[in-house]
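Under the numbering used here, read the first sequence as residues 279 to 843, first letter to last.
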Amino acid sequence: MDAQQPTNIPSPTPHAAPGPERPDAASDEGAVPHDALVAARREKLRRHREELGLEPYGVRVDGIEPLAGARARFDESAHAQHEAAAAAAKAGAGAAPAAQTEDPRARVRVAGRVVQHRDLGKLVFAWLRDHSGDLQVSISRVAVDESGFALAKALDYGDIVVAEGPIGRTQRGEVCVWADRLELHSKSLEPPPAKWHGLADPELRYRHRYVDLFANPEVIRVAQLRSAMVSFIRRWMDGRGFLEVETPMLQPIAGGAAARPFVTHHNALGIPLFMRVSPELYLKRLLVGGLPRVYEINRNFRNEGIDRSHNPEFTMMEAYEAFGDCFSMMELTESLLHDLAGFMAEERARQGFAPTAPAAAHAPGVRRGGPVLPFGELAIDWSRPFERVTYADLFERALGFPMTDFAKARAAAAARRIEAAKLDDWFVVNELFESVAEPLIDRARPTFVLEFPSAISPLTRPNRRRPEIADRWDLFVGGMEIGPAYSELNDPDIQRAKFTEQLRGKDAEEESTYRSLDEDFLHALRVGMPPAGGLGLGIDRIAMLLTDSPSIRDVVLFPLMRPRG
RNA sequence: GAUCGCGUAGCUCAGUCGGUAGAGCAUCCGCCUUUUAAGCGGUUGGUCCUGGGUUCGAUUCCCAGCGCGAUCACCA
Numbered sequence: 279m280d281a282q283q284p285t286n287i288p289s290p291t292p293h294a295a296p297g298p299e300r301p302d303a304a305s306d307e308g309a310v311p312h313d314a315l316v317a318a319r320r321e322k323l324r325r326h327r328e329e330l331g332l333e334p335y336g337v338r339v340d341g342i343e344p345l346a347g348a349r350a351r352f353d354e355s356a357h358a359q360h361e362a363a364a365a366a367a368k369a370g371a372g373a374a375p376a377a378q379t380e381d382p383r384a385r386v387r388v389a390g391r392v393v394q395h396r397d398l399g400k401l402v403f404a405w406l407r408d409h410s411g412d413l414q415v416s417i418s419r420v421a422v423d424e425s426g427f428a429l430a431k432a433l434d435y436g437d438i439v440v441a442e443g444p445i446g447r448t449q450r451g452e453v454c455v456w457a458d459r460l461e462l463h464s465k466s467l468e469p470p471p472a473k474w475h476g477l478a479d480p481e482l483r484y485r486h487r488y489v490d491l492f493a494n495p496e497v498i499r500v501a502q503l504r505s506a507m508v509s510f511i512r513r514w515m516d517g518r519g520f521l522e523v524e525t526p527m528l529q530p531i532a533g534g535a536a537a538r539p540f541v542t543h544h545n546a547l548g549i550p551l552f553m554r555v556s557p558e559l560y561l562k563r564l565l566v567g568g569l570p571r572v573y574e575i576n577r578n579f580r581n582e583g584i585d586r587s588h589n590p591e592f593t594m595m596e597a598y599e600a601f602g603d604c605f606s607m608m609e610l611t612e613s614l615l616h617d618l619a620g621f622m623a624e625e626r627a628r629q630g631f632a633p634t635a636p637a638a639a640h641a642p643g644v645r646r647g648g649p650v651l652p653f654g655e656l657a658i659d660w661s662r663p664f665e666r667v668t669y670a671d672l673f674e675r676a677l678g679f680p681m682t683d684f685a686k687a688r689a690a691a692a693a694r695r696i697e698a699a700k701l702d703d704w705f706v707v708n709e710l711f712e713s714v715a716e717p718l719i720d721r722a723r724p725t726f727v728l729e730f731p732s733a734i735s736p737l738t739r740p741n742r743r744r745p746e747i748a749d750r751w752d753l754f755v756g757g758m759e760i761g762p763a764y765s766e767l768n769d770p771d772i773q774r775a776k777f778t779e780q781l782r783g784k785d786a787e788e789e790s791t792y793r794s795l796d797e798d799f800l801h802a803l804r805v806g807m808p809p810a811g812g813l814g815l816g817i818d819r820i821a822m823l824l825t826d827s828p829s830i831r832d833v834v835l836f837p838l839m840r841p842r843g
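Below, the structure is given as structure tokens:
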């Protein structure tokens with residue numbers, strides 16, 4: 279907000295003790311150790327101000343370059359030239375220190391957080407870290423002024439500093455900035471995590487992500503990779519002629535999926551509102567309005583459990599294409615994910631991740647050498663075409679009888695202690711499918727499961743020849759469901775019947791709270807929606823797969839945590 | 001919501017078959033102009049998650065609670 283403010287506004291009362299200085303810390307019957315560590319840092323803060331005349335909280339600094347960029351400007355011959363000149367000057371000691379030839383080494387100005395600090399007496403080494411990596415700064419007593427050197431000796435792990443000087447290297451070959459200026463721009467007052475082990479406690483990592491980000495650099499890399507991934511998807515979709523739109527997050531009726539919504543309230547209108555569980559019904563309204571290709575990448579909110587692949591708010595891409603169907607969306611999805619995986623393999627290499635496992639690591643001779651990316655123990659082969667299997671085939675392979683044999687299905691469900699008594703036949707089949715058939719899918723290969731039963735696909739158009747089958751697929755990768763696609767149902771009468779049927783199964787309380795018929799959506803269908811293909815992709819899960827992150831919490835910067843009292 | 005596991009110094013972790021605890025790093029003091037998890041000498045630091053029970057005595061055993069993790073359930 280005020281980051282653009284270049285004016286150097288002096289802090290109002292630099293020497294006044296800030297309010298919550300807790301002068302009672304010492305009297306608090308034996309200083310608690312955490313407070314002792316903080317007190318030591320506050321004492322340094324005081325000394326910086328009162329004895330060195332430094333203001334430990336800085337202002338705008340221009341011309342800072344990333345540490346990786348500064349490192350890249352190291353030049354061995356310039357360094358050698360400088361060393362030779364220095365040696366010559368030393369040999370001719372006593373002679374005039376004239377010959378003040380230009381230092382051939384590049385000058386850099388860098389900023390970063392101190393992550394290592396070694397004080398050798400008259401020489402201090404400090405490692406800085408920023409988003410691009412780490413770089414050493416060497417501060418020699420003879421190269422900086424008195425307060426700068428006093429600051430160098432007093433640096434704490436976590437302080438944010440700006441250093442300036444020629445880029446060279448040490449006798450051990452470490453590229454570093456030989457600082458002739460050193461400034462403190464933010465004094466860190468909290469004890470940092472261990473410098474070598476980083477921050478390991480998952481609870482602290484998520485609750486204090488800002489610490490996690492600098493203590494565990496791979497967290498920043500994952501965030502950068504995710505950002506690159508989403509940018510790529512947008513470019514790719516734009517290139518295919520899709521228009522990115524934004525539709526309501528606050529909805530009077532939570533439609534488009536059967537998840538439990540978060541409920542809120544609008545005061546001025548005096549109405550309940552729901553955080554959306556899906557943008558589907560709004561994006562389809564845009565098809566009705568005449569936008570032929572739309573997509574949205576945004577958050578959905580589902581009031582459900584939390585686990586490694588579920589966060590209550592998560593990012594979804596939905597896309598709709600007029601006059602397409604689930605097979606045009608299959609082509610789109612396969613192309614997008616294949617290209618995306620290739621892009622991410624390059625990005626990972628660019629950011630210094632180990633090269634990905636070769637395709638030969640599995641199923642020799644079978645694959646076409648498309649991008650292969652590691653995901654835990656798996657090497658996921660994203661080469662085209664992805665695998666395709668029908669729901670019915672997978673079911674029969676897993677269970678040994680056709681899915682239409684409901685009697686056997688009920689028996690099998692009972693044998694597996696699946697609560698099936700209250701379920702309709704097709705839902706019994708689906709329970710079996712999810713528990714027995716899904717695990718048969720090759721986790722190392724993206725796999726489209728085709729021809730889902732119509733009965734469990736309320737928004738999908740039934741197949742023309744076989745109405746019990748829906749024109750729908752679900753994509754599975756790495757053991758996770760990545761998303762479905764439909765040939766969208768655009769017959770308003772069938773849609774009404776399916777909605778009504780869906781509502782009938784719910785108990786009265788649920789229905790009155792958040793399940794009601796979206797009459798306006800049905801109105802839109804009566805106005806007329808072109809036939810269309812629709813797609814939903816779980817962006818977080820794709821990010822997990824392409825950044826080799828085992829938990830959704832590794833790809834969501836601030837996952838939901840229970841607040842701590 | 002269920003089951004299992006975990007919770008010890010700022011961080012990473014040992015340990016106590018029940019007798020109120022240790023290490024490394026960090027902190028603080030001293031030494032060192034080329035360190036690479038720097039080194040050397042010294043120093044400080046604990047509600048052993050919380051509450052209750054058993055016991056002469058509980059960080060340890062038991063019960064309950066809180067938080068986190070894993071698995072499951074929920075999530076068409």
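All residues carry an ideal CB built from backbone N, CA and C; glycine is no exception. Since this is a predicted model, take the numbers as computed values, not measurements.
> Lys910 to Leu559, Cα distance in whole Å?
Replying inline: No statement about residue 910 is possible, as the shown extent of the chain runs from 279 to 843 and does not include it.
>> How far does the beta strand (DSSP E) with Asn578 in it extend, from its first residue to its last?
In response: Numbered from 1 along the first sequence, position 300 holds the residue referred to as residue 578. For Asn578, the enclosing beta strand (DSSP E) starts and ends at Arg571 to Phe579.
> When you compare only the Cα positions, how much space is there between Met515 and Met608?
Replying inline: Reading the first sequence from its first residue, position 237 is the one you call residue 515. Reading the first sequence from its first residue, position 330 is the one you call residue 608. Taking the straight line from one Cα to the other gives about 14 Å.
>> I need the DSSP call for Arg450, collapsed to helix, strand or coil.
In response: Start at 1 with the first residue of the first sequence, and residue 450 comes out as number 172. Shown here, Arg450 sits in coil according to DSSP, grouped into three states, outside any helix or strand.
>> Going by DSSP in three states, Leu332 sits in which element: helix, strand or coil?
In response: Start at 1 with the first residue of the first sequence, and residue 332 comes out as number 54. The three-state reading of DSSP puts Leu332 in coil, since its state is none of H, G, I, E or B.
>> Applying the 10 Å Cβ sphere with the 16-neighbour rule, what's the burial state of Lys431?
In response: The residue labelled residue 431 in the question sits at position 153 within the first sequence. Counting the other CB atoms within 10 Å of its CB gives Lys431 a total below 16, which places it among the exposed residues.
>> Can you list, in chain order, the residues of its chain with a C-beta nearer than 6 Å to that of Ile817? Leave out the 5 residues immediately preceding and following it.
In response: As a working note, residue 817 is residue 539 in the first sequence. Short of 6 Å from the beta carbon of Ile817, and not among the five residues preceding or following it, lie these beta carbons of its own chain, in chain order: Thr593 and Met595.
>> Is the separation between the beta-carbon of Leu462 and that of Ile417 shorter than 9 Å?
In response: In the first sequence, the residue the question calls residue 462 occupies position 184. In the first sequence, the residue the question calls residue 417 occupies position 139. Annotated as distal: Leu462 and Ile417, with beta-carbon spacing of 9 Å or more.
> What residue does the beta strand (DSSP E) around Trp751 start on, and which one ends it?
Replying inline: Position 473 of the first sequence, counting from 1, holds the residue named residue 751. In this chain, the beta strand (DSSP E) harbouring Trp751 covers Arg750 to Val755.
> Between the C-alpha atoms of His312 and Leu467, what's the straight-line distance to the nearest angstrom?
Replying inline: As a working note, residue 312 is residue 34 in the first sequence. As a working note, residue 467 is residue 189 in the first sequence. Roughly 11 Å separates the two Cα atoms.
> If you compare alpha carbons, which of Arg450, Glu328, Cys454 and Leu429 is closest to Asp353?
Replying inline: Residue numbering aside, residue 353 sits at position 75 when the first sequence is read from its first letter. Ranking Arg450, Glu328, Cys454 and Leu429 by Cα distance to Asp353 puts Cys454 first.
>> Just to confirm the assignment, what range does the alpha helix (DSSP H) spanning Trp660 have?
In response: Translated into positions along the first sequence, residue 660 becomes position 382. Unbroken run through Trp660: none, as it is neither H nor E.
>> Taking 8 Å as the cut-off, does the segment 701 to 711 touch the segment 728 to 742 (at least 3 CB pairs, one atom from each stretch)?
In response: Yes, the segment 728 to 742 touches the segment 701 to 711.
>> Which residues does DSSP list as the beta-bridge partners of Asp397?
In response: Within the first sequence, the letter at position 119 stands for residue 397. Val402, per the DSSP bridge assignment.
> Nearest to Gly426 by alpha carbon, out of His360, Leu332, Gly568 and Val393?
Replying inline: For the purposes of this step, residue 426 is taken as residue 148 along the first sequence, with counting starting at 1. The residue with the shortest Cα to Cα distance from Gly426 is Leu332.
> Where Gly336 and Ala619 are concerned, what is the direct C-alpha to C-alpha distance, given to the nearest angstrom?
Replying inline: One-based indexing of the first sequence puts residue 336 at position 58. One-based indexing of the first sequence puts residue 619 at position 341. If you take the alpha carbons of Gly336 and Ala619, they lie about 42 Å apart.
> Bridge partners of Met553, per DSSP?
Replying inline: Indexing the first sequence from 1 puts residue 553 at position 275. DSSP lists Leu528 as partners of Met553.
> In terms of alpha-carbon separation, which member of Gln773, Ser794 and Arg349 lies closest to Ala802?
Replying inline: Start at 1 with the first residue of the first sequence, and residue 802 comes out as number 524. Per the Cα distances, Gln773.
> What is the DSSP secondary structure of Pro717, reduced to helix, strand or coil?
Replying inline: Start at 1 with the first residue of the first sequence, and residue 717 comes out as number 439. Here DSSP, grouped into helix, strand and coil, assigns Pro717 to helix.
> Which class does Pro480 belong to by DSSP, given the choice of helix, strand or coil?
Replying inline: Start at 1 with the first residue of the first sequence, and residue 480 comes out as number 202. Residue state, collapsed to three classes: helix.
>> Output needed for His640: all residues of its chain with C-beta closer than 8 Å, excluding positions within five of it in sequence on either side, in chain order.
In response: Along the first sequence, one-based indexing puts residue 640 at 362. Confidence at His640 is low in this model, with a pLDDT of 46, below 50, so the placement of that residue should be treated as unreliable; the coordinate-derived value is given next. Excluding its 5 nearest sequence neighbours in each direction, His640 has C-beta neighbours in its own chain below 8 Å: Ala657, Asp659 and Ala722, listed in chain order.
> Just to check, is the beta-carbon of Ile575 closer than 8 Å to a non-hydrogen atom of the ligand ADP?
Replying inline: The ligand content of the structure shown is nil, which means the ligand ADP is not present either.
> According to the neighbour-count rule (16 or more other Cβ atoms, all chains shown, within 10 Å of its Cβ), is Trp474 buried or exposed?
Replying inline: Here residue 474 refers to the residue found at position 196 of the first sequence. Exposed, since its Cβ has fewer than 16 Cβ neighbours within 10 Å.
> Quick one: complete alpha helix (DSSP H) runs, 4+ long, within the segment 480 to 518?
Replying inline: List check, alpha helix (DSSP H) in window: 480 to 485, 487 to 493 and 495 to 517.
>> Please tell me whether Ala623 and Val650 are closer than 9 Å, where the distance is taken between their beta carbons.
In response: Residue numbering aside, residue 623 sits at position 345 when the first sequence is read from its first letter. Residue numbering aside, residue 650 sits at position 372 when the first sequence is read from its first letter. Cβ atoms of Ala623 and Val650: closer than 9 Å.
>> Taking the alpha-carbon of Pro762 as reference, which of Pro770, Arg750, Asp769 and Gly756 has the nearest alpha-carbon?
In response: Position 484 of the first sequence holds residue 762. Closest option to Pro762, Cα to Cα, is Arg750.
> In terms of residues, what are the limits of the alpha helix (DSSP H) holding Ser613?
Replying inline: Residue 613 sits at position 335 when you count from the first residue of the first sequence. In this chain, the alpha helix (DSSP H) harbouring Ser613 covers Cys604 to Arg628.
> What three-state label does DSSP hand Glu299 in the structure shown?
Replying inline: For this step, residue 299 is matched to residue 21 along the first sequence. Caution applies to Glu299, whose pLDDT of 32 falls short of 50 and renders its modelled position unreliable; the value that the coordinates give is listed next. Assignment of Glu299 by DSSP, reduced to helix, strand and coil, places it in the coil class.
> For Leu406, which residues of its own chain have a beta-carbon under 8 Å away from its beta-carbon, when the five flanking residues on both sides are left out?
Replying inline: Within the first sequence, numbered from 1, the residue matching residue 406 stands at position 128. Setting aside the 5 residues that flank it on each side, Leu406 is surrounded in the same chain by Leu345, Val388, Ala389, Gly390, Arg391, Val392, Val393, Asp412, Leu413, Gln414, Val415, Val439 and Ala441, each with a C-beta closer than 8 Å to its C-beta; the list follows chain order.
> With respect to the alpha helix (DSSP H) encompassing Thr825, which residues constitute its N-terminal and C-terminal limits?
Replying inline: Here residue 825 corresponds to residue number 547 of the first sequence, with the count starting at 1. Thr825 -> alpha helix (DSSP H) spans Ile817 to Thr825.
> Just reading off the alpha helix (DSSP H) that Ala597 is part of, what are its end residues?
Replying inline: In the first sequence, residue 597 corresponds to position 319, counting from 1. Note, Ala597: premise wrong, no alpha helix (DSSP H); beta strand (DSSP E) at Glu591 to Ala600.
> Would you call the segment 826 to 838 and the segment 482 to 491 touching, i.e. three or more CB-CB distances under 8 Å?
Replying inline: Taking 8 Å as the limit for Cβ pairs, the verdict is that the segment 482 to 491 does touch the segment 826 to 838.
>> In the DSSP output, which residue or residues are listed as bridge partners for Ala472?
In response: Stepping through the first sequence from its first residue, residue 472 is reached at position 194. Ala472 pairs with Gly476.
> Is it the case that the Cβ atoms of Val555 and Asn578 are separated by a distance below 9 Å?
Replying inline: If you number the first sequence from 1, residue 555 lands on position 277. If you number the first sequence from 1, residue 578 lands on position 300. Annotated as proximal: Val555 and Asn578, with beta-carbon spacing under 9 Å.
> How about Phe679 and Leu615: do their beta carbons lie closer than 9 Å?
Replying inline: Along the first sequence, read from residue 1 onward, the residue named residue 679 stands at position 401. Along the first sequence, read from residue 1 onward, the residue named residue 615 stands at position 337. Taking the C-beta atoms as reference points, Leu615 is found no nearer than 9 Å to Phe679.
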